[in-house]
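Position one of the sequence shown corresponds to residue 2 (our numbering), numbered consecutively onward. Ideal Cβ placement from N, Cα and C applies to all residues, glycine included.
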Amino acid sequence: MNIYTFDLVINFLLVLFPLFLWQMFYLLHYIYKFGWVERWMFAVFPVLSLIMCMTFPIVFIEPLLLDLRRIPLILGALYGGYKVALLLLSVVITHRYLIGGEAFYNSFFILILTAVCAGLMSKYYLKMPLKMKILTSSVLIVLSLFFSTLFSTQVFDVAMVMNIRLEHLLINVIGMVISTLLTEVILINFALLRKSMKAEKMEVASHLAASISHEVGNPLTATKGFIQLLSDEKIPFETRKDYLEIAAQELDQAIDIIDDYLIFAKPAPKEKEKIFIFEEIQYVVKNLTPLARINNIKINISLLENRDCFVLGEQNKFGQCLANILKNAIESMPEGGEIQIALDYEQASTITLTIKDEGIGMTPQQIDRIGEPYFTTKENGTGLGMMVSFSVIQGMGGKIKVESGEGKGTYFSITLPKYTQQNK
(Lines of atoms letter the chains of each structure in order from A; the text may use other names.)
(Lines give C-alpha, C1' and ligand atoms only; values in the text may rest on other atoms or scores of the structure.)
Protein backbone atom coordinates (compact mmCIF):
# COMPACT_ATOMS: atom_id res chain seq x y z
CA MET A 2 0.00 0.00 0.00
CA ASN A 3 1.50 3.34 -1.03
CA ILE A 4 1.18 6.58 0.89
CA TYR A 5 -1.70 7.83 -1.28
CA THR A 6 -3.79 4.71 -0.68
CA PHE A 7 -3.16 4.95 3.05
CA ASP A 8 -4.23 8.61 3.09
CA LEU A 9 -7.40 7.76 1.17
CA VAL A 10 -8.26 5.06 3.71
CA ILE A 11 -7.83 7.64 6.48
CA ASN A 12 -10.09 9.94 4.47
CA PHE A 13 -12.68 7.17 4.33
CA LEU A 14 -12.66 6.94 8.14
CA LEU A 15 -13.63 10.61 8.17
CA VAL A 16 -16.67 9.62 6.10
CA LEU A 17 -17.66 6.85 8.52
CA PHE A 18 -17.19 8.85 11.73
CA PRO A 19 -20.30 11.07 11.27
CA LEU A 20 -22.37 7.94 10.51
CA PHE A 21 -21.62 6.61 13.97
CA LEU A 22 -22.33 10.04 15.45
CA TRP A 23 -25.66 9.99 13.63
CA GLN A 24 -26.62 6.68 15.22
CA MET A 25 -25.54 7.86 18.67
CA PHE A 26 -27.53 11.10 18.47
CA TYR A 27 -30.57 9.29 17.13
CA LEU A 28 -30.58 6.97 20.15
CA LEU A 29 -30.12 9.98 22.45
CA HIS A 30 -33.05 11.58 20.64
CA TYR A 31 -35.37 8.93 22.11
CA ILE A 32 -34.05 9.57 25.61
CA TYR A 33 -33.72 13.35 25.66
CA LYS A 34 -36.13 14.24 22.82
CA PHE A 35 -33.67 15.97 20.50
CA GLY A 36 -36.24 16.98 17.92
CA TRP A 37 -33.67 18.34 15.48
CA VAL A 38 -32.02 14.93 15.04
CA GLU A 39 -34.97 13.47 13.13
CA ARG A 40 -35.53 16.62 11.06
CA TRP A 41 -31.93 17.34 10.09
CA MET A 42 -30.12 14.00 10.33
CA PHE A 43 -29.77 13.63 6.53
CA ALA A 44 -28.24 17.10 6.30
CA VAL A 45 -26.07 17.70 9.36
CA PHE A 46 -23.99 14.53 9.28
CA PRO A 47 -23.23 14.50 5.50
CA VAL A 48 -22.17 18.14 5.85
CA LEU A 49 -19.82 17.13 8.64
CA SER A 50 -18.37 14.34 6.46
CA LEU A 51 -17.90 16.72 3.54
CA ILE A 52 -16.07 19.31 5.61
CA MET A 53 -13.80 16.74 7.25
CA CYS A 54 -12.91 15.04 3.93
CA MET A 55 -12.14 18.32 2.17
CA THR A 56 -10.22 19.76 5.10
CA PHE A 57 -7.76 16.86 5.02
CA PRO A 58 -7.31 16.02 1.30
CA ILE A 59 -4.44 14.21 -0.42
CA VAL A 60 -2.41 16.47 -2.71
CA PHE A 61 -1.26 14.29 -5.60
CA ILE A 62 -0.43 16.72 -8.40
CA GLU A 63 -0.97 20.43 -8.02
CA PRO A 64 -3.63 21.75 -8.31
CA LEU A 65 -5.65 18.51 -8.05
CA LEU A 66 -6.75 17.21 -4.63
CA LEU A 67 -7.85 13.67 -3.90
CA ASP A 68 -10.53 12.98 -1.29
CA LEU A 69 -13.79 11.09 -0.83
CA ARG A 70 -16.17 14.06 -0.79
CA ARG A 71 -18.44 12.43 -3.36
CA ILE A 72 -19.53 9.69 -0.94
CA PRO A 73 -21.34 11.97 1.57
CA LEU A 74 -22.48 14.27 -1.24
CA ILE A 75 -24.16 11.48 -3.22
CA LEU A 76 -25.56 9.58 -0.21
CA GLY A 77 -26.88 12.74 1.42
CA ALA A 78 -28.62 13.77 -1.80
CA LEU A 79 -30.04 10.29 -2.46
CA TYR A 80 -31.46 9.85 1.04
CA GLY A 81 -32.29 13.48 1.80
CA GLY A 82 -33.71 14.69 -1.52
CA TYR A 83 -33.08 17.79 -3.57
CA LYS A 84 -33.18 20.19 -0.60
CA VAL A 85 -30.36 18.35 1.13
CA ALA A 86 -28.58 18.08 -2.23
CA LEU A 87 -28.64 21.88 -2.61
CA LEU A 88 -27.37 22.35 0.95
CA LEU A 89 -24.52 19.87 0.46
CA LEU A 90 -23.67 21.36 -2.93
CA SER A 91 -23.43 24.86 -1.47
CA VAL A 92 -21.19 23.58 1.34
CA VAL A 93 -18.84 21.64 -0.94
CA ILE A 94 -18.53 24.45 -3.50
CA THR A 95 -17.95 27.09 -0.83
CA HIS A 96 -15.34 24.96 0.90
CA ARG A 97 -13.61 24.14 -2.40
CA TYR A 98 -13.58 27.82 -3.36
CA LEU A 99 -11.92 28.71 -0.06
CA ILE A 100 -9.24 26.08 -0.72
CA GLY A 101 -8.57 27.73 -4.10
CA GLY A 102 -6.59 26.50 -7.08
CA GLU A 103 -7.27 26.12 -10.79
CA ALA A 104 -9.04 22.80 -10.29
CA PHE A 105 -11.92 24.60 -8.56
CA TYR A 106 -13.78 24.95 -11.87
CA ASN A 107 -13.39 21.27 -12.60
CA SER A 108 -14.95 20.49 -9.21
CA PHE A 109 -17.59 23.16 -9.70
CA PHE A 110 -19.19 21.72 -12.85
CA ILE A 111 -18.82 18.03 -12.02
CA LEU A 112 -20.13 18.36 -8.45
CA ILE A 113 -23.15 20.37 -9.58
CA LEU A 114 -23.99 17.66 -12.11
CA THR A 115 -23.49 14.92 -9.50
CA ALA A 116 -25.61 16.59 -6.81
CA VAL A 117 -28.44 17.47 -9.21
CA CYS A 118 -28.63 13.91 -10.57
CA ALA A 119 -28.58 12.36 -7.09
CA GLY A 120 -31.18 14.81 -5.76
CA LEU A 121 -33.57 14.16 -8.66
CA MET A 122 -33.20 10.40 -8.24
CA SER A 123 -33.91 10.48 -4.50
CA LYS A 124 -37.64 9.65 -4.53
CA TYR A 125 -37.00 6.67 -6.81
CA TYR A 126 -33.88 5.60 -4.94
CA LEU A 127 -35.68 5.35 -1.58
CA LYS A 128 -38.11 2.79 -3.06
CA MET A 129 -35.38 0.56 -4.47
CA PRO A 130 -34.29 -2.75 -2.90
CA LEU A 131 -30.90 -2.81 -1.20
CA LYS A 132 -28.99 -4.30 -4.15
CA MET A 133 -30.31 -1.64 -6.52
CA LYS A 134 -29.43 1.09 -4.02
CA ILE A 135 -25.85 -0.15 -3.82
CA LEU A 136 -25.64 -0.41 -7.62
CA THR A 137 -27.15 3.05 -8.17
CA SER A 138 -24.90 4.84 -5.69
CA SER A 139 -21.84 3.01 -7.04
CA VAL A 140 -22.67 3.90 -10.66
CA LEU A 141 -23.17 7.55 -9.71
CA ILE A 142 -19.79 7.82 -8.03
CA VAL A 143 -18.03 5.99 -10.89
CA LEU A 144 -19.60 8.35 -13.46
CA SER A 145 -18.76 11.39 -11.35
CA LEU A 146 -15.12 10.31 -11.05
CA PHE A 147 -14.92 9.37 -14.72
CA PHE A 148 -16.12 12.77 -15.96
CA SER A 149 -13.99 14.54 -13.38
CA THR A 150 -10.89 12.68 -14.59
CA LEU A 151 -11.82 13.21 -18.23
CA PHE A 152 -12.40 16.91 -17.67
CA SER A 153 -9.07 17.24 -15.87
CA THR A 154 -7.00 15.50 -18.50
CA GLN A 155 -8.66 17.24 -21.45
CA VAL A 156 -9.03 20.74 -20.07
CA PHE A 157 -6.14 21.04 -17.65
CA ASP A 158 -3.81 18.54 -19.33
CA VAL A 159 -3.15 16.74 -16.09
CA ALA A 160 -2.45 13.05 -16.59
CA MET A 161 -2.66 11.05 -13.39
CA VAL A 162 -0.66 7.87 -12.95
CA MET A 163 -2.91 4.95 -13.86
CA ASN A 164 -2.48 2.96 -10.63
CA ILE A 165 -3.24 6.00 -8.46
CA ARG A 166 -6.33 6.72 -10.54
CA LEU A 167 -7.53 3.13 -10.17
CA GLU A 168 -6.84 3.09 -6.42
CA HIS A 169 -8.78 6.31 -6.00
CA LEU A 170 -11.71 4.87 -7.97
CA LEU A 171 -11.59 1.56 -6.10
CA ILE A 172 -11.56 3.15 -2.65
CA ASN A 173 -14.43 5.45 -3.65
CA VAL A 174 -16.53 2.53 -4.85
CA ILE A 175 -15.73 0.34 -1.84
CA GLY A 176 -16.36 3.29 0.45
CA MET A 177 -19.70 3.98 -1.24
CA VAL A 178 -20.80 0.34 -0.88
CA ILE A 179 -19.81 0.22 2.81
CA SER A 180 -21.40 3.61 3.54
CA THR A 181 -24.63 2.60 1.78
CA LEU A 182 -24.78 -0.65 3.75
CA LEU A 183 -24.11 1.15 7.03
CA THR A 184 -26.76 3.76 6.27
CA GLU A 185 -29.30 1.04 5.50
CA VAL A 186 -28.40 -0.88 8.68
CA ILE A 187 -28.75 2.29 10.76
CA LEU A 188 -32.12 3.12 9.18
CA ILE A 189 -33.34 -0.45 9.80
CA ASN A 190 -32.22 -0.18 13.43
CA PHE A 191 -34.12 3.10 13.76
CA ALA A 192 -37.24 1.53 12.25
CA LEU A 193 -36.99 -1.44 14.62
CA LEU A 194 -36.53 0.93 17.55
CA ARG A 195 -39.65 2.90 16.60
CA LYS A 196 -41.58 -0.34 16.06
CA SER A 197 -40.41 -1.73 19.40
CA MET A 198 -41.39 1.42 21.28
CA LYS A 199 -44.78 1.48 19.57
CA ALA A 200 -45.35 -2.20 20.43
CA GLU A 201 -44.35 -1.53 24.03
CA LYS A 202 -46.82 1.34 24.25
CA MET A 203 -49.55 -0.85 22.79
CA GLU A 204 -48.71 -3.60 25.27
CA VAL A 205 -48.87 -1.16 28.18
CA ALA A 206 -52.20 0.18 26.91
CA SER A 207 -53.51 -3.38 26.61
CA HIS A 208 -52.40 -4.27 30.13
CA LEU A 209 -53.83 -1.07 31.58
CA ALA A 210 -57.14 -1.62 29.79
CA ALA A 211 -57.35 -5.15 31.18
CA SER A 212 -56.38 -3.89 34.62
CA ILE A 213 -59.00 -1.14 34.58
CA SER A 214 -61.65 -3.61 33.45
CA HIS A 215 -60.75 -6.00 36.26
CA GLU A 216 -60.17 -3.50 39.07
CA VAL A 217 -63.18 -1.29 38.33
CA GLY A 218 -65.42 -4.18 37.29
CA ASN A 219 -65.24 -5.94 40.66
CA PRO A 220 -66.71 -3.12 42.81
CA LEU A 221 -69.25 -2.24 40.12
CA THR A 222 -70.41 -5.86 39.94
CA ALA A 223 -70.75 -5.94 43.73
CA THR A 224 -72.71 -2.68 43.67
CA LYS A 225 -75.02 -4.04 40.98
CA GLY A 226 -75.66 -7.13 43.10
CA PHE A 227 -76.64 -5.14 46.19
CA ILE A 228 -78.89 -2.84 44.15
CA GLN A 229 -80.67 -5.90 42.74
CA LEU A 230 -81.14 -7.22 46.28
CA LEU A 231 -82.83 -3.96 47.24
CA SER A 232 -85.66 -4.77 44.81
CA ASP A 233 -86.85 -7.44 47.26
CA GLU A 234 -89.55 -5.72 49.35
CA LYS A 235 -89.24 -8.31 52.13
CA ILE A 236 -85.75 -7.11 53.12
CA PRO A 237 -85.83 -5.22 56.46
CA PHE A 238 -85.02 -1.52 56.53
CA GLU A 239 -81.79 -1.99 58.51
CA THR A 240 -80.56 -4.57 56.02
CA ARG A 241 -81.41 -2.22 53.14
CA LYS A 242 -79.39 0.46 54.88
CA ASP A 243 -76.42 -1.90 55.20
CA TYR A 244 -76.68 -2.84 51.52
CA LEU A 245 -76.71 0.82 50.50
CA GLU A 246 -73.64 1.53 52.63
CA ILE A 247 -71.76 -1.40 51.11
CA ALA A 248 -72.78 -0.33 47.59
CA ALA A 249 -71.56 3.21 48.32
CA GLN A 250 -68.25 1.83 49.62
CA GLU A 251 -67.79 -0.25 46.49
CA LEU A 252 -68.46 2.79 44.31
CA ASP A 253 -65.93 4.79 46.36
CA GLN A 254 -63.41 2.02 45.74
CA ALA A 255 -64.05 2.21 41.99
CA ILE A 256 -63.61 6.00 42.10
CA ASP A 257 -60.31 5.61 43.99
CA ILE A 258 -59.04 3.18 41.35
CA ILE A 259 -59.99 5.56 38.55
CA ASP A 260 -58.24 8.40 40.42
CA ASP A 261 -55.10 6.24 40.60
CA TYR A 262 -55.10 5.83 36.84
CA LEU A 263 -55.65 9.55 36.36
CA ILE A 264 -52.68 10.31 38.60
CA PHE A 265 -50.51 7.92 36.62
CA ALA A 266 -51.69 9.46 33.36
CA LYS A 267 -50.43 12.85 34.65
CA PRO A 268 -53.46 15.05 34.03
CA ALA A 269 -53.30 18.81 34.51
CA PRO A 270 -51.90 19.21 38.04
CA LYS A 271 -53.80 21.02 40.73
CA GLU A 272 -52.25 23.94 42.55
CA LYS A 273 -49.46 22.72 44.79
CA GLU A 274 -49.43 23.46 48.49
CA LYS A 275 -47.10 23.33 51.47
CA ILE A 276 -47.11 19.87 53.03
CA PHE A 277 -45.92 19.45 56.61
CA ILE A 278 -44.30 16.10 56.02
CA PHE A 279 -44.14 15.17 59.73
CA GLU A 280 -47.92 15.43 60.17
CA GLU A 281 -48.61 13.69 56.85
CA ILE A 282 -46.51 10.67 57.85
CA GLN A 283 -48.24 10.51 61.23
CA TYR A 284 -51.66 10.68 59.57
CA VAL A 285 -50.92 7.89 57.06
CA VAL A 286 -49.40 5.64 59.74
CA LYS A 287 -52.40 6.20 62.01
CA ASN A 288 -54.78 5.08 59.25
CA LEU A 289 -52.72 1.96 58.47
CA THR A 290 -52.05 0.92 62.08
CA PRO A 291 -55.21 -1.27 62.31
CA LEU A 292 -54.19 -3.14 59.14
CA ALA A 293 -50.68 -3.57 60.52
CA ARG A 294 -51.96 -4.96 63.83
CA ILE A 295 -54.20 -7.48 62.08
CA ASN A 296 -51.10 -8.76 60.27
CA ASN A 297 -49.00 -8.77 63.48
CA ILE A 298 -46.79 -5.94 62.22
CA LYS A 299 -45.37 -3.11 64.31
CA ILE A 300 -44.65 0.27 62.70
CA ASN A 301 -41.77 2.10 64.39
CA ILE A 302 -41.46 5.82 63.65
CA SER A 303 -38.22 7.68 64.23
CA LEU A 304 -39.20 11.29 63.61
CA LEU A 305 -38.19 14.56 65.20
CA GLU A 306 -40.90 17.16 64.89
CA ASN A 307 -39.55 20.10 62.97
CA ARG A 308 -41.86 22.92 62.01
CA ASP A 309 -39.56 23.91 59.15
CA CYS A 310 -39.88 20.48 57.49
CA PHE A 311 -42.12 21.25 54.51
CA VAL A 312 -42.30 20.02 50.91
CA LEU A 313 -44.31 21.29 47.96
CA GLY A 314 -46.95 19.13 46.29
CA GLU A 315 -50.53 17.88 46.39
CA GLN A 316 -51.24 16.60 49.88
CA ASN A 317 -53.77 13.91 48.95
CA LYS A 318 -51.53 12.43 46.29
CA PHE A 319 -48.48 12.46 48.55
CA GLY A 320 -50.44 10.73 51.31
CA GLN A 321 -51.65 8.15 48.81
CA CYS A 322 -48.05 7.56 47.70
CA LEU A 323 -46.91 6.88 51.28
CA ALA A 324 -49.93 4.65 51.89
CA ASN A 325 -49.15 2.58 48.77
CA ILE A 326 -45.56 1.96 49.87
CA LEU A 327 -46.57 1.09 53.45
CA LYS A 328 -49.34 -1.25 52.27
CA ASN A 329 -46.83 -3.07 50.09
CA ALA A 330 -44.50 -3.35 53.07
CA ILE A 331 -47.29 -4.81 55.21
CA GLU A 332 -48.34 -7.28 52.52
CA SER A 333 -44.73 -8.43 52.08
CA MET A 334 -44.63 -9.72 55.69
CA PRO A 335 -47.25 -12.51 55.96
CA GLU A 336 -45.57 -13.79 59.14
CA GLY A 337 -45.45 -10.37 60.79
CA GLY A 338 -42.48 -8.16 61.58
CA GLU A 339 -41.49 -4.51 61.87
CA ILE A 340 -41.49 -1.48 59.60
CA GLN A 341 -38.99 1.28 60.33
CA ILE A 342 -39.82 4.83 59.23
CA ALA A 343 -37.23 7.61 59.56
CA LEU A 344 -36.98 11.20 58.39
CA ASP A 345 -33.74 13.04 57.69
CA TYR A 346 -34.01 16.78 57.14
CA GLU A 347 -30.45 17.76 58.02
CA GLN A 348 -29.52 18.36 54.37
CA ALA A 349 -29.62 21.97 53.23
CA SER A 350 -32.02 21.58 50.33
CA THR A 351 -33.59 18.10 50.57
CA ILE A 352 -35.60 15.90 52.91
CA THR A 353 -35.10 12.13 52.92
CA LEU A 354 -37.79 9.73 54.09
CA THR A 355 -36.79 6.10 54.55
CA ILE A 356 -39.10 3.09 54.92
CA LYS A 357 -37.61 -0.31 55.73
CA ASP A 358 -39.50 -3.58 56.12
CA GLU A 359 -38.59 -7.17 56.98
CA GLY A 360 -40.53 -8.73 54.12
CA ILE A 361 -39.70 -11.30 51.49
CA GLY A 362 -37.66 -8.79 49.49
CA MET A 363 -37.05 -8.61 45.76
CA THR A 364 -34.51 -9.81 43.23
CA PRO A 365 -32.28 -7.31 41.35
CA GLN A 366 -34.42 -7.90 38.24
CA GLN A 367 -37.59 -7.03 40.17
CA ILE A 368 -35.97 -3.90 41.61
CA ASP A 369 -35.09 -2.70 38.11
CA ARG A 370 -38.72 -3.04 37.01
CA ILE A 371 -40.46 -1.63 40.08
CA GLY A 372 -42.67 1.29 39.13
CA GLU A 373 -43.09 0.11 35.55
CA PRO A 374 -46.60 -0.22 34.11
CA TYR A 375 -48.32 -3.45 35.10
CA PHE A 376 -45.33 -4.86 36.99
CA THR A 377 -46.07 -6.36 40.39
CA THR A 378 -44.63 -9.02 42.67
CA LYS A 379 -48.07 -9.88 44.09
CA GLU A 380 -50.11 -12.73 42.64
CA ASN A 381 -53.28 -10.69 42.16
CA GLY A 382 -51.71 -7.24 41.95
CA THR A 383 -51.67 -4.79 39.05
CA GLY A 384 -48.60 -2.71 39.93
CA LEU A 385 -50.79 0.38 39.90
CA GLY A 386 -49.87 1.48 43.43
CA MET A 387 -46.15 1.72 42.75
CA MET A 388 -46.76 3.34 39.35
CA VAL A 389 -48.73 6.05 41.13
CA SER A 390 -46.11 6.42 43.86
CA PHE A 391 -43.24 6.92 41.42
CA SER A 392 -45.35 9.31 39.34
CA VAL A 393 -46.27 11.43 42.38
CA ILE A 394 -42.71 11.67 43.72
CA GLN A 395 -41.32 12.57 40.30
CA GLY A 396 -44.03 15.22 39.96
CA MET A 397 -42.81 16.75 43.23
CA GLY A 398 -39.26 16.94 41.89
CA GLY A 399 -38.05 14.03 44.00
CA LYS A 400 -36.73 10.53 43.44
CA ILE A 401 -37.20 7.06 44.92
CA LYS A 402 -34.31 4.70 45.55
CA VAL A 403 -35.02 1.02 46.26
CA GLU A 404 -32.66 -1.50 47.83
CA SER A 405 -33.68 -5.08 48.51
CA GLY A 406 -32.64 -8.71 48.58
CA GLU A 407 -34.56 -11.96 48.70
CA GLY A 408 -35.42 -12.70 52.32
CA LYS A 409 -33.73 -9.47 53.48
CA GLY A 410 -36.61 -7.01 53.27
CA THR A 411 -36.89 -3.84 51.22
CA TYR A 412 -35.53 -0.34 51.83
CA PHE A 413 -37.20 2.70 50.25
CA SER A 414 -35.44 6.06 50.25
CA ILE A 415 -37.58 9.01 49.12
CA THR A 416 -35.70 12.27 48.56
CA LEU A 417 -37.70 15.47 48.11
CA PRO A 418 -36.69 19.12 47.74
CA LYS A 419 -37.43 21.26 50.78
CA TYR A 420 -40.06 23.93 50.47
CA THR A 421 -38.52 27.38 50.04
CA GLN A 422 -39.75 30.73 48.81
CA GLN A 423 -37.78 30.14 45.58
CA ASN A 424 -39.67 26.95 44.62
CA LYS A 425 -43.00 28.23 45.88
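Three-state secondary structure (DSSP) of residue i
i	result
Glu-404	strand
Ser-138	helix
Gln-341	strand
Gly-314	strand
Ile-189	helix
Asn-296	coil
Ile-276	strand
Tyr-420	coil
Leu-67	strand
Ile-259	helix
Phe-413	strand
Ile-371	coil
Lys-235	coil
Lys-132	helix
Ile-75	helix
Thr-355	strand
Ile-361	coil
Ser-333	coil
Ser-303	strand
Closest Cα partner of residue i within the set the options
i	options	result
Asn-325	Ile-256, Gly-337, Leu-313, Met-388	Met-388
Leu-69	Tyr-80, Gly-82, Ser-145, Asp-345	Ser-145
Thr-184	Leu-151, Ile-142, Lys-134	Lys-134
Leu-411	Leu-15, Lys-235, Lys-419, Lys-402	In the sequence under discussion, the amino acid at residue 411 is Thr, which differs from the Leu named in the question. When only C-alpha atoms are compared, the closest one is Lys-402.
Phe-152	Tyr-126, Leu-112, Leu-74, His-169	Leu-112
Val-93	Leu-49, Asp-369, Leu-15	Leu-49
Met-53	Leu-79, Pro-19, Met-25	Pro-19
Ala-44	Gly-77, Leu-22, Thr-56	Gly-77
Leu-131	Thr-181, Ala-116, Ile-100	Thr-181
Ile-259	Ala-293, Lys-273, Thr-290, Asn-219	Asn-219
Leu-289	Ala-330, Ala-255, Lys-318, Asn-12	Ala-330
Leu-74	Tyr-80, Lys-84, Leu-89	Leu-89
Leu-304	Gln-283, Gln-316, Phe-319, Gly-320	Gln-283
Val-10	Lys-275, Phe-26, Tyr-27, Pro-58	Pro-58
Asn-12	Phe-26, Ile-356, Leu-66	Leu-66
Leu-121	Tyr-106, Phe-109, Thr-137, Ser-108	Thr-137
Ile-278	Leu-221, Ala-343, Leu-292, Ala-255	Ala-343
Ser-108	Gly-337, Arg-97, Ile-394	Arg-97
Lys-273	Asp-257, Leu-292, Cys-118, Lys-318	Lys-318
Ile-340	Gly-360, Gln-321, Ala-349	Gly-360
Lys-357	Glu-347, Gln-348, Tyr-126, Lys-328	Lys-328
His-169	Leu-292, Lys-199, Val-143	Val-143
Tyr-420	Lys-275, Met-55, Tyr-80, Leu-263	Lys-275
Gly-337	Ala-349, Gln-348, Ala-293, Cys-310	Ala-293
Other residues of its chain near residue i: CB distance less than 6 Å, five sequence neighbours each side excluded
i	result
Ile-189	none
Asp-345	Thr-353
Thr-115	Ser-145
Asp-8	Ile-59
Gln-24	Ile-187
Ser-214	none
Spatial distance of residue i from residue j (CA atoms)
i	j	result
Val-312	Pro-365	31 Å
Met-334	Ile-247	29 Å
Gly-396	Gly-314	8 Å
Leu-252	Leu-323	23 Å
Gly-82	Ser-207	39 Å
Ile-165	Pro-47	26 Å
Leu-17	Arg-370	37 Å
Thr-150	Leu-141	14 Å
Thr-95	Ile-72	17 Å
Thr-355	Gln-316	18 Å
Phe-26	Met-129	26 Å
Gln-250	Gly-398	34 Å
Thr-416	Thr-351	7 Å
Leu-22	Phe-191	14 Å
Ile-100	Leu-14	21 Å
Glu-280	Ile-368	29 Å
Phe-413	Ala-200	31 Å
Tyr-106	Ser-91	14 Å
Residues near residue i by beta carbon distance below 8 Å, same chain, minus five either side
i	result
Gly-362	Ser-333, Ser-405, Gly-406, Glu-407, Gly-408, Lys-409, Gly-410, Thr-411
Gly-320	Glu-281, Tyr-284, Val-285
Proximity test, residue i beta-carbon vs the ligand NAD heavy atom, cut-off 7 Å
i	result
Met-397	Absence of the ligand NAD is noted for the structure shown, with no ligands found whatsoever.
Sequence-distant residues of the same chain with beta carbon closer than 7 Å to residue i, five excluded per side
i	result
Gly-372	Met-387, Met-388, Phe-391
Tyr-244	Phe-227, Leu-230, Leu-231
* Asked: Contact between the region 174-183 and the region 216-229: three or more CB pairs below 8 Å?
  -> Verdict: no, contact absent.
* Given 8 Å, three or more beta-carbon pairs between the region 236-250 and the region 292-305 -> The region 236-250 makes no contact with the region 292-305: fewer than 3 CB pairs, one atom from each, lie closer than 8 Å.
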